[in-house]
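Below is one structure, written out as structure tokens, with a few remarks after it.
2 protein chains.
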Amino acid sequence: MSSHQQALPAETNSVAGKLFAILSSFATDRSVMRLTDISHRSGLPLSTVHRVCGELERWGGLEKRTDGSWCIGDRLWEVGILAERYAALREAAAPFLGDLHAQTRQNVTLAVLDDLRVRYVDVIRGSQSPSVEVRPGGTLPVHATSAGKLLLAHAPREDQRAVAEQGLARYTPYTITAPGQLLRELCLVRRGEVAYSREELQLGTASVAAPVRGTGGEVIAALTVAFRVMRGGEKFELLVRRHAEALSEQLA
Amino acid sequence: MSSHQQALPAETNSVAGKLFAILSSFATDRSVMRLTDISHRSGLPLSTVHRVCGELERWGGLEKRTDGSWCIGDRLWEVGILAERYAALREAAAPFLGDLHAQTRQNVTLAVLDDLRVRYVDVIRGSQSPSVEVRPGGTLPVHATSAGKLLLAHAPREDQRAVAEQGLARYTPYTITAPGQLLRELCLVRRGEVAYSREELQLGTASVAAPVRGTGGEVIAALTVAFRVMRGGEKFELLVRRHAEALSEQLA
Chain A
835 MSSHQQALPA ETNSVAGKLF AILSSFATDR SVMRLTDISH RSGLPLSTVH
885 RVCGELERWG GLEKRTDGSW CIGDRLWEVG ILAERYAALR EAAAPFLGDL
935 HAQTRQNVTL AVLDDLRVRY VDVIRGSQSP SVEVRPGGTL PVHATSAGKL
985 LLAHAPREDQ RAVAEQGLAR YTPYTITAPG QLLRELCLVR RGEVAYSREE
1035 LQLGTASVAA PVRGTGGEVI AALTVAFRVM RGGEKFELLV RRHAEALSEQ
1085 LA
Chain B
835 MSSHQQALPA ETNSVAGKLF AILSSFATDR SVMRLTDISH RSGLPLSTVH
885 RVCGELERWG GLEKRTDGSW CIGDRLWEVG ILAERYAALR EAAAPFLGDL
935 HAQTRQNVTL AVLDDLRVRY VDVIRGSQSP SVEVRPGGTL PVHATSAGKL
985 LLAHAPREDQ RAVAEQGLAR YTPYTITAPG QLLRELCLVR RGEVAYSREE
1035 LQLGTASVAA PVRGTGGEVI AALTVAFRVM RGGEKFELLV RRHAEALSEQ
1085 LA
């Protein structure tokens, strides 16, 4: 798990530091920005942002759109997709995700815990899947997702308390917003095999997550199926558990 | 399509240029390298590589492995995955890929032409799929793949000639290695709806590609199904065409 909380201000005096600060200012929910937004997010003067973005653009790391806004360029995608840690996990998990999707026709994801957020390493959707806004590389809140609850249940106590204490945003009437209730549910999840989110992030959508274990038996990822609530979840629970176990055996 | 051929030597005097040269030295077939490899690939002195890699590591753009080799770090994956052009295409295509995989249980891919290589934007595999070494972000040669032949058939004549003249590597006894033969096949593909690769990249594996068209009707991507040759291809051709057309309609 990388540490996103590490701020960069101390290093932004160097050219590399400025470049990193600019790249770090982009995120799932701000993937297209104007120079003023980038300046605001990175804490760098507009003139610096203008110059460094130009350098990044010439390399292909950023792209300037016709409306004057900026987005991450293809070149960074090509380089970033080579990242080893997630690549190996995604590579190993790919056939299991494919099979699980073929058997359920629902939204199937592989997720890890990353700085107290759920980060989606891979996603397979079908036209019959529920339309939760999740894409590879994107993140969702821990307390409202089945993957998040599963991963947090197996995380250190301090992480659990940090999530409970940082304020639990309400997405639907069913979202767990009381810290004590979340910690109790995490206890139950830790004892069981799977975690559920029942319309806690989006009305009409439920999901079930099962643990993917690494070489030492520790939980390293969550395999999930998201489905419309009226479809019921028992058969999906069975399938997601079976594939998570098979993947864990392969990784062991 | 980004232009990878653009070399960086003229810019490697600047800090940013050095950084870009180092990142650009990583590729699908060299995703883990030693500092000496990076120095060799980037054309930068070892001392410079050592220093800049250290800066990249502190940010999370590179990771040093226990054996002393280096790989791309998670942070770059998180940023790169935000790249707009491919993200929008992958997002639109995702449900079609999911459905196509569920219906075929074979290796399903979405690919674009990128500097005379086939670049895979998305891949879904199952345990019953043939084991072609292709992963999201990876590339394969144009002349030996169905996606490559399909995309090149709809590319400008100069691109076709450039591929034909750059030397056609032989992967199996069935690989097209004669430039004239490739150009004739591209003519046929352009007139038809789909392109095939019949054990041209890997013995025992075939694939069929259908065109995905953008707003102006131009071919922007290829949707493919790869399968073991003994399974036959007619039903896969029908399915891949149907999904490529449905995706094209949505993009139009």
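Read top to bottom, the protein sequences are chains A and B. Okay, so the first sequence: first residue is 835 according to this note's numbering, each after it adds one. Okay, so the second sequence: first residue is 835 according to this note's numbering, each after it adds one. Even glycine gets a Cβ: it sits at the ideal position worked out from N, Cα and C.
- Taking a 10 Å sphere around the C-beta of A/K983, we find 16 or more other C-beta atoms and assign the residue as buried.
- For A/E891, the uninterrupted alpha helix (DSSP H) run begins and ends at L880 to W893, by DSSP.
- Comparing alpha carbon positions, the residue from A/N941, A/A1060, A/C887 and A/A1056 closest to A/L986 is A/A1056.
- Against chain A, the beta carbon of B/R919 has neighbours under 7 Å at D908, listed in chain order.
- Secondary-structure assignment with DSSP links B/W904 through a beta bridge to B/M867 and B/K898.
- A/A1029 is not a Cβ neighbour of A/N941, given a cutoff of 8 Å.
- Residues of the segment 1011-1044 of chain A that bring their beta carbon within less than 9 Å of a beta carbon in chain B are absent altogether.
- Within the model, the alpha-carbon separation for A/V968 versus A/G1014 is close to 28 Å.
- Flagged as an interface residue toward chain A: B/V849, by a C-beta distance shorter than 8 Å.
- Only residues of its own chain outside the window of five on either side were considered, and among them A926 have a CB closer than 7 Å to the CB of B/Q1084, listed in chain order.
- In the structure shown, the three-state DSSP call for A/D949 is coil.
- At a C-beta separation below 7 Å, B/R939 has these neighbours in chain A: A936.
- Secondary structure remark: continuous beta strand (DSSP E) runs of at least 3 residues inside the segment 958-1043 of chain B, in chain order: 973-975 and 1029-1032.
- Residue-level contact by beta carbon fails for B/T882 and chain A, as no gap is shorter than 8 Å.
- Close CB contacts of B/R868 within its chain, under the 8 Å cut and outside five residues either way in sequence, are with G902, S903 and W904 (chain order).
- Apart from sequence neighbours up to five positions away, the residues of its chain that approach A/Q994 with a beta-carbon distance below 7 Å are L986, L1017 and L1020, ordered along the chain.
- Contact residues of the segment 940-955 of chain A toward chain B are absent (C-beta to C-beta distance below 7 Å).
- Relative to B/Y1008, the option among B/G1001, B/Q1000 and B/S1031 whose CA is nearest is B/S1031.
- A/I958 belongs to the set of residues whose beta carbon lies under 8 Å from a beta carbon in chain B.
- The continuous beta strand (DSSP E) containing A/F1061 extends over residues V1053 to R1062.
- Annotation: A/I915 is outside any alpha helix (DSSP H) and is labelled neither H nor E by DSSP.
- Not a single C-beta of chain A is nearer than 8 Å to the C-beta of B/T1049.
- Around the Cβ of B/H935, a 10 Å sphere holds 16 or more other Cβ atoms; the residue is buried.
- Of all residues in the segment 1054-1071 of chain B, none places a beta-carbon less than 9 Å from a beta-carbon of chain A.
- Distance from the Cα of B/P975 is smallest, within the candidate group B/D949, B/V957, B/Q962 and B/P964, for B/D949.
- Within chain B, the residues placing a beta-carbon under 7 Å from that of A/L857 are V913, ordered along the chain.
- Relative to A/W893, the option among A/L1037, A/T862, A/D908 and A/A1080 whose CA is nearest is A/D908.
- At least one CB of chain A lies nearer than 8 Å to the CB of B/E925.
- Collapsing the DSSP output to three states places B/R1047 in a strand.
- Under the Cβ criterion (8 Å, minimum of three pairs), the segment 874-883 of chain A counts as touching the segment 850-862 of chain A.
- Under DSSP, B/L944 shares a beta bridge with B/D956 and B/L1057.
- Approximately 7 Å separates the beta-carbon atoms of A/E918 and B/S865; this is inside 8 Å, confirming the contact.
- Rounded to the nearest angstrom, the gap between the Cα atoms of A/R899 and B/L916 is 14 Å.
- Following the DSSP letters along the chain, one finds B/A855 inside the alpha helix (DSSP H) bounded by residues V849 to S858.
- Short of 8 Å from the beta carbon of A/T973, and not among the five residues preceding or following it, lie these beta carbons of its own chain, in chain order: T862, D948, R951, V952, R953 and Y954.
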